[in-house]
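Encoded as structure tokens, the structure appears first; notes follow it.
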Amino acid sequence: MNRRDALLRVATLVGATVSLPALADTLEASAAARAVSGKPLLFTADQDAMVAEMAEVIIPTTSTPGAKAAKVNEVIDIILKDCYREPEQKRFLEGLVTTNKVSRDAYNKTFVECDNAQRIDVMKKLETQAKQERQQMMQGPADKRYTPFFFMLKDLTLMGYFTSEIGATQALAYVPVPGRFEGCVPLKPGQKAWAI
Amino acid sequence: MNLNIKAQQANTYDAIVVGSGISGGWAAKELTQKGLKVLLLDRGEDIEHVSGYKTAMTNPWEFPHRGRPTVQTAEEQAVQARTGYTISESSAYLFVNDKDNPYLEDKRFDWMRGYHKGGRSLMWGRQVYRWSDLDFEANAKEGIAIDWPIRYKDVQPWYDYVERFIGVSGAKENLPHLPDSIFQPAMDMYCLEKHIKGSVEKKWPERRWTIGRVAHLTKPTAEQTALGRASCQYRNLCVRGCPYGAYFSSQAATLPVAQKTGRLTFRPYSFVTSLIYDEKKQKATGVRVIDEKTSQELTFNARIIFLCASSMASTYIMLNSTSNRFPNGLGNDSGELGHNIMDHHFRVGASGEYPGFEDQYYYGRRANGVYVPRYRNLPGQQKRDYLRGFGYQGSASRMNWGRGYGMEGFGADFKEQLTKPGPWTMGLTGFGECLPYHENKVVLDSSKKDKWGQPVLRFDAEYKDNEMRMRKDMGTDAAEMLEAAGLKNVRINDAGSWPGLGIHEMGTARMGNDPKTSVLNKFNQVHTVKNVFNTDGACMTSANCVNPSLTYMALTARAANYAVQEMKKQNL
């Protein structure tokens, strides 16, 4: 069987496999709920919109679409709800409150009301604060350490974006079935990194 | 009366095979091909080849949590999570729910299990290496535990037989202590691996760098193609099950052959709790089963029984099979049943970055690494301050977007940088041999019951001084090889290793010549219950440092051949 035959065979055999009802019970319960209701699960509508804008500052639209287009806020909402425990969820939501406080102190506006340059400035302030927070924690006991809000947001944004369809197939290069392996291939000018 | 006889006949087979993983699949294939009517029991669900691999074709963005385990999964699979990768959203469904499958730990023991058709043949690491007489003779030469009752010449034809069927990709090295397999074409190395290989082999000729030997098809035979198996597609999503049948699994290879004979009956959700021993016949007449769907207790009868449930599960069944003749477990006159637990200790090695090859990249995702076969304590070499040795598995890669987690900043330049390949890195992890210690053991504990009211296993095993001394070499040798090849920021990593975590647990029903000190004879036959065979990892008398599954397969095929010969001679 050559590669093409193998692919055809898989296409026919797998076709019926990834049926939505089966997955909805397990993997996709939260995603399905959000898709059906159109509403965020953990966030309020305002928080959801704010996370979308903050993620866009971290991964903006350049020659390829950014975090907002990739709907990174939706993934962050679902992951925070299902994969994090209450203390971390609380820390994230409090981080959003702090963000608006920083933007009000500097510009007398909420983060979402700020223009792009102001948003970048607010995020830089948050990054500086988070670094200080982390340094202080490193001097304290290990069991009291946690990930400050800015780093939580940044990590979730990177993960949410580069594993999204836009991130994987436009910002990066995604080949679902490579079919062969070559260990040494000259890198072409401007070539993007493989998504996985 | 008449009805009972009929019922008994309906549940009677020539052979019962317990467990459908790597060993059980082989037992089922061999026994059915040799004309036996076989009942294959597995305690888990029936996962169909291809259609049963729920996540095999799922794109990264189709996972709602992008692969991260949910809090619920992390709680339900807290033990399985100890590996760090098993409960990813793509593979969690193939590993057991720990709440439903409890065990006790006097000392930490990481028991990684998959209860379903195919067992861990679906999630295994697929690395396959032959043993040599360096390994089979080690116990006898060093006065450790007991001697193996077999040598390389006994297993060599069965390695050949198994490899022709499963398909092994690798490169010939002509090393006496790591015999070559029958190879399909080797996979390629990355530029950086080729560079390190050159530097290391020049400085230390005994430290051979070879491509991993892996049970993947790279040039399928006609027999493999006829089974619907195709060449590796280099997706590196193997743990989800391979829809191409490119790597060896029970589903892709052994079970379809057994099925085609028309003599295989597969029964899922069948938890074998014990064997039925007949004192007059001095044989096991069958197995007791709890049907996990109906909670019904059933019995099935056969002339021979192959225990291939995985090392600890087969040992459990034997310990739980008590009778007047065997108050401490079936075939346990020696008292060794449950003792001598071994695994490979690992998670120690080194990694570093290479400042170069920026203009070189790769195509495809190689589901394999490089391998550095054992080079310590070989014949004629100066002895180290420990016995036996270790091998390395490792891989080069170019850092991906994940490096952004540790980088400062954000925004347009940050994003553009992460869309380019990062620096080359190389990581090496040692896999070390663990000696068989009698006191490393597992027992049955009735103080805790599982949901079927059955006792659970209680583990008491640890790595000792020999393993700990070996780990020092495993770290420093890896670092010095990477430094010799010009890598920077080389770090020795020792993340700690606990028995079980290597998922190569073995040794609890060991083979030996003397029934007083071993459970199985040289054909994996219980010394004192001749119609019961155990051919999974429990049979191992020492551990070697290489991945063990290939040897389980060879021993299973060999034992099945012997069993059928003995049946024909009316000895069974």
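From first to last, the protein sequence lines stand for chains A and B. If you read the first sequence in the UniProt record's numbering, its first letter stands for residue 1, the second for the next number, and so on. If you read the second sequence in the UniProt record's numbering, its first letter stands for residue 1, the second for the next number, and so on. Quick reminder that beta carbons are idealized off the backbone N, C-alpha and C, glycines included.
Residue i versus the options, residue with shortest Cα-Cα distance
i, options, result
"residue 133 of chain B", "B:147, B:217 and B:121", "B:147"
"residue 126 of chain B", "B:420, B:468, B:366 and B:426", "B:366"
"residue 530 of chain B", "B:427, B:306, B:469 and B:166", "B:306"
"residue 20 of chain B", "B:38, B:140, B:250 and B:217", "B:250"
"residue 470 of chain B", "B:494, B:485, B:460 and B:448", "B:494"
"residue 490 of chain B", "B:451, B:26 and B:428", "B:428"
"residue 80 of chain A", "A:104, A:131, A:36 and A:153", "A:153"
"residue 112 of chain A", "A:192, A:44, A:175 and A:51", "A:51"
"residue 77 of chain A", "A:106, A:57 and A:32", "A:32"
"residue 122 of chain B", "B:566, B:243 and B:36", "B:243"
"residue 17 of chain B", "B:560, B:572, B:568 and B:571", "B:560"
"residue 396 of chain B", "B:211, B:336 and B:142", "B:211"
"residue 463 of chain B", "B:433, B:492 and B:481", "B:433"
"residue 57 of chain A", "A:188, A:178 and A:127", "A:127"
"residue 554 of chain B", "B:64, B:567 and B:540", "B:540"
"residue 510 of chain B", "B:498, B:527 and B:500", "B:527"
CB contact flag (residue i, residue j, <8 Å)
i, j, result
"residue 154 of chain B", "residue 182 of chain B", "no"
"residue 443 of chain B", "residue 338 of chain B", "yes"
"residue 445 of chain B", "residue 456 of chain B", "yes"
"residue 311 of chain B", "residue 538 of chain B", "yes"
"residue 15 of chain B", "residue 302 of chain B", "yes"
"residue 66 of chain B", "residue 60 of chain B", "yes"
"residue 45 of chain B", "residue 269 of chain B", "yes"
"residue 26 of chain B", "residue 556 of chain B", "yes"
"residue 174 of chain A", "residue 70 of chain A", "no"
"residue 158 of chain A", "residue 195 of chain A", "no"
"residue 129 of chain B", "residue 550 of chain B", "yes"
"residue 246 of chain B", "residue 264 of chain B", "no"
"residue 353 of chain B", "residue 423 of chain B", "yes"
"residue 403 of chain B", "residue 390 of chain B", "no"
Residue burial classification, residue i (beta-carbon count within 10 angstroms, cutoff 16)
i, result
"residue 21 of chain A", "Unreliable positioning characterises residue 21 of chain A in this predicted model, as indicated by a pLDDT of 38, which lies under 50. The coordinate reading is nonetheless provided below. It is exposed - the Cβ of residue 21 of chain A has fewer than 16 other Cβ atoms within 10 Å."
"residue 407 of chain B", "exposed"
"residue 122 of chain A", "buried"
"residue 24 of chain B", "buried"
"residue 46 of chain A", "exposed"
"residue 73 of chain A", "buried"
"residue 23 of chain A", "With a pLDDT of 39 at residue 23 of chain A, under the threshold of 50, the predicted position of this residue should be treated as unreliable, and no value is reported."
"residue 502 of chain B", "buried"
"residue 168 of chain A", "buried"
"residue 180 of chain A", "exposed"
"residue 447 of chain B", "exposed"
"residue 534 of chain B", "buried"
"residue 79 of chain B", "buried"
"residue 116 of chain B", "buried"
"residue 25 of chain A", "Residue placement at residue 25 of chain A cannot be trusted, given a pLDDT of 46 that sits under 50; what the coordinates show is reported in the next sentence. Under this definition residue 25 of chain A is an exposed residue."
"residue 139 of chain B", "buried"
"residue 36 of chain A", "exposed"
Residue range of the beta strand (DSSP E) that includes residue i
i, result
"residue 360 of chain B", "360 to 363"
"residue 14 of chain B", "12 to 18"
"residue 444 of chain B", "441 to 449"
"residue 267 of chain B", "264 to 267"
"residue 426 of chain B", "424 to 432"
"residue 392 of chain B", "390 to 398"
For residue i, the first and last residue of its enclosing alpha helix (DSSP H)
i, result
"residue 83 of chain A", "72 to 83"
"residue 132 of chain A", "116 to 139"
"residue 34 of chain A", "29 to 37"
"residue 47 of chain A", "45 to 58"
"residue 250 of chain A", "There is simply no residue 250 of chain A to check, as chain A begins at 1 and stops at 196 in what is shown."
"residue 558 of chain B", "549 to 568"
"residue 201 of chain B", "191 to 203"
"residue 573 of chain B", "Nothing can be reported for residue 573 of chain B, as the shown portion of chain B is limited to 1 through 572."
"residue 237 of chain B", "Run containing residue 237 of chain B: none; DSSP gives neither H nor E here."
"residue 133 of chain B", "133 to 136"
- prompt: Which parts of the region 148 to 189 of chain A are runs of the alpha helix (DSSP H), unbroken and 4 residues or longer, counting only runs that do not cross its ends?
  reply: DSSP runs (the alpha helix (DSSP H)) wholly in the region 148 to 189 of chain A: 149 to 162.
- request: Enumerate, from N- to C-terminal direction, the unbroken beta strand (DSSP E) stretches of 3 or more residues contained entirely within the region 452 to 532 of chain B.
  value: List check, beta strand (DSSP E) in window: 455 to 460 and 488 to 494.
message: Quick check for students: name the residue ranges of the beta strand (DSSP E) that lie wholly in the region 273 to 298 of chain B, counting only runs of 3 or more.
response: Note on the region 273 to 298 of chain B: whole beta strand (DSSP E) runs with a minimum of 3 residues are 283 to 291, in chain order.
message: At 4 residues or longer, what runs of the alpha helix (DSSP H) sit wholly inside the region 143 to 184 of chain B?
response: The region 143 to 184 of chain B contains these whole alpha helix (DSSP H) runs: 152 to 166.
message: Extract the residue ranges of the alpha helix (DSSP H) inside the region 10 to 75 of chain B, only unbroken runs of 4 or more that lie entirely within it.
response: Scanning the region 10 to 75 of chain B from its first residue to its last, the whole alpha helix (DSSP H) runs of 4-plus residues come out as 22 to 33.
field: Every unbroken alpha helix (DSSP H) within the region 323 to 386 of chain B, with a cutoff of 4 residues, ordered by chain
entry: As far as the region 323 to 386 of chain B is concerned, it has no whole alpha helix (DSSP H) run of at least 4 residues.
field: Continuous beta strand (DSSP E) assignments of at least 3 residues falling wholly in the region 68 to 124 of chain B
entry: Runs of the beta strand (DSSP E) inside the region 68 to 124 of chain B: none found.
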